[in-house]
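Residue numbers (our numbering): 127 to 209.
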């Protein structure tokens with residue numbers, strides 16, 4: 127009985143080995159469908175518009191006050207109407 131089980135297990139192993147050989151042969155014939163596209167390095171350009179030196183000091187003070195939640199920023203109403 128043990129010999130029958132061992133023979134059956136050996137048959138299963140040989141069947142599985144044959145299937146794996148067939149799969150490996152087929153996979154080796156296939157071409158890869160993946161393409162890697164390298165777009166290069168993304169560059170960051172620093173322009174003066176992104177730096178604090180471009181802002182008026184009064185504007186920076188008003189923005190900081192608004193961020194803090196100060197209601198009285200001390201800004202006067204503009205003389206000319208806004209477009």
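Even glycine gets a Cβ: it sits at the ideal position worked out from N, Cα and C.
{"Check": "DSSP-derived helix/strand/coil call for residue 162", "Outcome": "coil"}
{"Check": "Separation of residue 166 from residue 132, as counted between CA atoms", "Outcome": "59 Å"}
{"Check": "Straight-line gap, residue 183 to residue 190 (C-alpha atoms, nearest Å)", "Outcome": "11 Å"}
{"Check": "Residue range of the unbroken alpha helix (DSSP H) whose run includes residue 147", "Outcome": "128-155"}
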